[in-house]
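So that you can map any letter, position 150 of the sequence shown is 150 in my numbering, and since no number is skipped, the others follow by simple counting.
Just so it is clear, CB atoms sit at the ideal spot from N, CA and C, and this is done for glycine as well.
Worksheet: one structure, shown below.
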Amino acid sequence: MVPMNVAPADLARVIGALRVLESFDGAIVTVPHKQAILSLCDRVSARARAVGAANVLRREPDGQLVGDQLDGIGFLAGLTHAGITVSDKAVYLAGAGGAANAIAFALADAGVLRLTLYNRTREKIEVLRNKLFTTYPNLTVTLGNSNPSGHDLVVNATTLGMNPSDPLPFDALKLTPGMVVAEVVMEPEMTPLLAIAHAKGCSIHLGHPMLEHQLQLMADFLGL
């Protein structure tokens, strides 16, 4: 794997160049390109189409690009491996980006009791709620606020926590003992949110299992 730092304004041009590069087999796509990459693919999986984002890209021998979305199933696999179940649970999800969309669909598919969505930009979670209703019409989805109380599982699916100056993704002081608080941020491993959650008696779930449980899926998708 060779890291490529690509500005959003240059994404289409870079993908166009990779399309004709015969030695290019594929890529892992990360923030901030997971949603924008979708329109640059020739084909996408049903999962990526429903979510509206892709995080893996494969080049076919004829130059066509295929996208898929593995964040959600990787996140759920990490929870399952840790003994955390989501079926019939009340879940609070912060975020509305590519990873948040993927996790929301994976949670819905796993049979959560109800899903509360929160994002500082309300319009984005309204779009996510409408997408979820299209696929899961019987799912209880509500638009929440910064208070995560009253839920079994609380998920930070934003990038907040990567930088020391970041604000908390929601009001962590409202966390209560017995909750499970899960991160998608991998570095630092112990984010300020997780530190507060641990101090308040919550169980915590680190961010790196989401990637760890995608690695074999990514390798299979890329034919490695």
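- Query: Applying the criterion that 16 or more other CB atoms from any shown protein chain within 10 Å of the CB defines a buried residue, is A199 buried or exposed?
  - Reply: Start at 1 with the first residue of the sequence shown, and residue 199 comes out as number 199. Burial call: exposed.
- Alpha-carbon spacing of E126 relative to D109, whole angstroms: For the purposes of this step, residue 126 is taken as residue 126 along the sequence shown, with counting starting at 1. For the purposes of this step, residue 109 is taken as residue 109 along the sequence shown, with counting starting at 1. Each residue's Cα considered, the two are about 19 Å apart.
- Message: Assess contact between the region 210 to 219 and the region 58 to 74, defined as three or more Cβ pairs (one per stretch) separated by less than 8 Å. Is contact present?
- Response: yes
- Item | Simplified DSSP assignment, three categories, for N156 | What you label residue 156 is simply residue 156 of the sequence shown in a count that begins at 1. Strand, per DSSP.
- Contained beta strand (DSSP E) runs [length at least 3] in the region 152 to 208, N- to C-terminal order: 153 to 156, 180 to 183 and 203 to 205
- Run through DSSP, which three-state label would A90 get? Translated into positions along the sequence shown, residue 90 becomes position 90. If DSSP states are grouped into helix, strand and coil, A90 belongs with the strands.
- Is there contact between the region 94 to 108 and the region 135 to 145, where contact requires at least three CB pairs shorter than 8 Å? yes
- Item | Closest residue to D220 among A12, A27 and V6 (Cα-Cα distance) | Translated into positions along the sequence shown, residue 220 becomes position 220. The option with the nearest alpha carbon to D220 is A27.
- Task: Taking L139 as the reference, give the member of V154, H208 and A104 with the closest Cα.
- Result: The residue you call residue 139 lines up with position 139 of the sequence shown. Nearest in C-alpha terms to L139, of all of V154, H208 and A104, is A104.
- Item | Contact under 8 Å by Cβ, N156 with L128 | Here the question's residue 156 lines up with position 156 in the sequence shown. Here the question's residue 128 lines up with position 128 in the sequence shown. Their beta carbons are not under 8 Å apart, which means N156 does not touch L128 by this criterion.
- Starting from V31 and walking both ways along the beta strand (DSSP E), at which residues does that stretch end? The residue you call residue 31 lines up with position 31 of the sequence shown. Unbroken run through V31: none, as it is neither H nor E.
- Query: So what's R114 in DSSP terms, helix, strand or just coil?
  - Reply: As a working mapping, residue 114 is identified with position 114 in the sequence shown. If DSSP states are grouped into helix, strand and coil, R114 belongs with the strands.
- Tell me, please, which residues DSSP counts as bridged to L143. Within the sequence shown, residue 143 is the residue found at index 143, counting from 1. Partner(s): L117.
- Query: Tell me which same chain residues have a C-beta within less than 8 Å of the C-beta of P167, skipping the five on either side of it?
  - Reply: In the sequence shown, residue 167 corresponds to position 167, counting from 1. So the qualifying residues of the chain are L160.
- Can P169 and C202 be called in contact, C-beta distance under 8 Å? Locating residue 169 in the sequence shown gives position 169, counting from the first residue. Locating residue 202 in the sequence shown gives position 202, counting from the first residue. Taking 8 Å as the Cβ cut-off, P169 and C202 do not qualify as a contacting pair.
- Query: Is the beta carbon of V184 less than 8 Å from the beta carbon of M218?
  - Reply: In the sequence shown, residue 184 corresponds to position 184, counting from 1. In the sequence shown, residue 218 corresponds to position 218, counting from 1. Against a cut-off of 8 Å, the Cβ pair of M218 and V184 comes out as no contact.
- Message: Whole angstroms are fine: how far does the CA of L11 sit from the CA of V31?
- Response: Your numbering for residue 31 matches position 31 in the sequence shown. Your numbering for residue 11 matches position 11 in the sequence shown. If you take the alpha carbons of V31 and L11, they lie about 12 Å apart.
- Task: Could you tell me which of R59, T135, R120 and T158 sits nearest to G98, measuring between CA atoms?
- Result: Translated into the one-based positions of the sequence shown, residue 98 becomes position 98. Comparing alpha carbon positions, the residue from R59, T135, R120 and T158 closest to G98 is T158.
- Message: Just to confirm the assignment, what range does the beta strand (DSSP E) spanning V56 have?
- Response: For this step, residue 56 is matched to residue 56 along the sequence shown. Annotation for V56: the continuous beta strand (DSSP E) segment containing it runs V56 to R59.
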